[in-house]
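> Residue numbers (our numbering): 157 to 553.
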């Protein structure tokens, strides 16, 4: 019997109108008074920040300080600026509304404030800080990708070395996460697809990780099932609130899984690809996923076979051996992406993002220093990463 630990203290409120029905009540329960609202320009533009502020003021919250300029990639400088704003305005709580970058930024702010600091760089890596200043924190995810509202991981862009670095600390976890399907209505179909594949990668890598456990496996399986059952409908003209909440919950479940098991090579390379070529994280993950799965096949074929049975449930599955099922699982992943990508007028190609020989070498060098590489199912060398990137560039799975 193997020993493991599993931790998920975030209370989750999920359902249609969850923001309207719960945000004010939760804020009062957590003694919000002067709240720092952290978001990005797009979310602010569509009115979601103002809507959240109204929910707070209607519940008697006195002051809201808004910061809606979080960059596409969380950065040390943005976090330092937010910590200073929090302190200068005598804020006592944090509300984050946005995708992975916004939530990762807010989590890092919570960690820094709790330790009476504003420079997050000193906490990179696995952080063992003691519980410090209490910072009540609510997270509202607006994409179906990161699951950042329930993870103890935050990926931050370090301007000094041009690399994405990880913070790992349970002190960053929100008190509450609110999942409301209405936030996905204005999300483009392309973003729905890419962020859902980020979720799929979290769940699959968590399921195949060197540090996986029984509990994380359960959450991974549920997330994968929700993606396969709802993604195609969600990006169709017949999408409804049920499909959207299923994708939000899939991201949440996958986040819980990998927060307790960690991810692997897909994310190690994607983080570095994003740093070097300035492409979005969800795009990088979606494009890389089948190539890394293929590389890991020899070591993860049993897990792939189990997941193939999960998503197909075909009567003749019993006639196939595990390695055949594993190969078919990678085909199903690629088919799901390609089929839906073609519907929105795109294809799986790295041609336009600048993945040349020089960039490939830089990405491989950075990926070797990424913490996610340590829990990949199979050892990844510099040359292995080069080969994966070249396969992705040539479109050869």
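Every residue gets a Cβ at the ideal spot worked out from N, C-alpha and C, and that includes glycine.
Computed from a predicted model, the values in this text were never measured in an experiment.
Within the chosen definition, does the stretch 287-304 reach the stretch 244-262 through at least 3 CB pairs nearer than 8 Å?
Contact holds: three or more Cβ-Cβ distances are below 8 Å.
> Contact defined as beta carbons within less than 8 Å: I believe residue 191 pairs with residue 239. What is the distance between those atoms, to the nearest angstrom?
Position 35 of the chain shown holds residue 191. Position 83 of the chain shown holds residue 239. At roughly 15 Å, the Cβ-Cβ gap does not stay under 8 Å, so residue 191 and residue 239 are not in contact.
> Compute the Euclidean distance between the alpha carbons of residue 137 and residue 269, then round it to the nearest angstrom.
With the chain covering only 157 through 553, there is no way to say anything about residue 137.
> Since I believe residue 436 is in contact with residue 228 (beta carbons under 8 Å), could you give me their beta-carbon distance rounded to a whole number of angstroms?
For the purposes of this step, residue 228 is taken as the residue at position 72 of the chain shown. For the purposes of this step, residue 436 is taken as the residue at position 280 of the chain shown. 7 Å between Cβ atoms; contact.
> Using CA atoms only, rank isn't needed, just tell me which of 552, 486, 245 is closest to residue 458.
For the purposes of this step, residue 458 is identified with residue 302 of the chain shown, where counting begins at 1. The candidate whose alpha carbon is nearest that of residue 458 is 486.
> Between which two residues does the beta strand (DSSP E) harbouring residue 219 extend?
For the purposes of this step, residue 219 is taken as residue 63 along the chain shown, with counting starting at 1. Unbroken beta strand (DSSP E) run through residue 219: 219-223.
> Classify residue 190 as helix, strand or coil using the three-state DSSP reduction.
Reading the chain shown from its first residue, position 34 is the one you call residue 190. Note: residue 190 maps to strand in three-state DSSP.
> Among 334, 490, 493, 553, whose alpha-carbon lies nearest the alpha-carbon of residue 305?
Residue numbering aside, residue 305 sits at position 149 when the chain shown is read from its first letter. Residue 334 is the option with its Cα nearest to residue 305.
> Classify residue 185 as helix, strand or coil using the three-state DSSP reduction.
Within the chain shown, the letter at position 29 stands for residue 185. The answer is helix: DSSP assigns residue 185 an H, G or I state.
> Bridge partners of residue 249, per DSSP?
Against the chain shown, residue 249 aligns to sequence position 93. According to DSSP, which records beta bridges pairwise, residue 249 is partnered with 191.
> Label residue 218 either buried or exposed according to how many other C-beta atoms from any shown protein chain fall within 10 Å of its C-beta, with 16 as the threshold for buried.
On the chain shown, position 62 is the one that residue 218 refers to. With fewer than 16 other Cβ atoms within 10 Å, it is exposed.
> Given a cut-off of 8 Å, decide if residue 372 and residue 310 are closer than it, judged by their beta-carbon atoms.
Reading the chain shown from its first residue, position 154 is the one you call residue 310. Reading the chain shown from its first residue, position 216 is the one you call residue 372. No, these two residues do not count as a Cβ contact at 8 Å.
> Under 8 Å: do the stretch 443-452 and the stretch 525-541 share three or more Cβ pairs, one atom per stretch?
Because the criterion of three Cβ pairs below 8 Å is met, the stretch 443-452 and the stretch 525-541 touch.
> For residue 196 versus residue 303, is the C-beta spacing smaller than 8 Å?
To locate residue 196, count along the chain shown from 1; it is residue 40. To locate residue 303, count along the chain shown from 1; it is residue 147. No, Cβ-Cβ distance for residue 196 and residue 303 is not below 8 Å.
> Ignore the nearest five residues each way along the sequence and tell me which others in residue 500's own chain have a CB closer than 6 Å to its CB.
If you number the chain shown from 1, residue 500 lands on position 344. Correct list, in chain order: 345, 346.
> Can you give me the C-alpha to C-alpha distance between residue 504 and residue 355, rounded to a whole angstrom?
If you number the chain shown from 1, residue 504 lands on position 348. If you number the chain shown from 1, residue 355 lands on position 199. Computed Cα separation, rounded: 18 Å.
> Should residue 276 and residue 324 be called a contact, given that it needs their Cβ atoms to be closer than 8 Å?
If you number the chain shown from 1, residue 276 lands on position 120. If you number the chain shown from 1, residue 324 lands on position 168. Cβ atoms of residue 276 and residue 324: not closer than 8 Å.
> Exposed or buried, residue 139, counting other C-beta atoms within 10 Å across all chains shown (16 or more means buried)?
In this structure the chain extends from 157 to 553, so residue 139 is not present and cannot be described.
> Which term fits residue 516, buried or exposed, when burial requires 16 or more other beta carbons within 10 angstroms of its beta carbon?
Within the chain shown, the letter at position 360 stands for residue 516. Looking at its Cβ environment, which holds 16 or more other Cβ atoms inside 10 Å, residue 516 is buried.
> For residue 527, which residues in the same chain have their Cβ closer than 7 Å to its Cβ, ignoring the five residues on either side in sequence?
Position 371 of the chain shown, counting from 1, holds the residue named residue 527. Hits under 7 Å: 322.
> Identify the residues that DSSP records as bridge partners of residue 244: which are they?
For this step, residue 244 is matched to residue 88 along the chain shown. In the DSSP output, where bridge partners are listed per residue, residue 244 has none listed.
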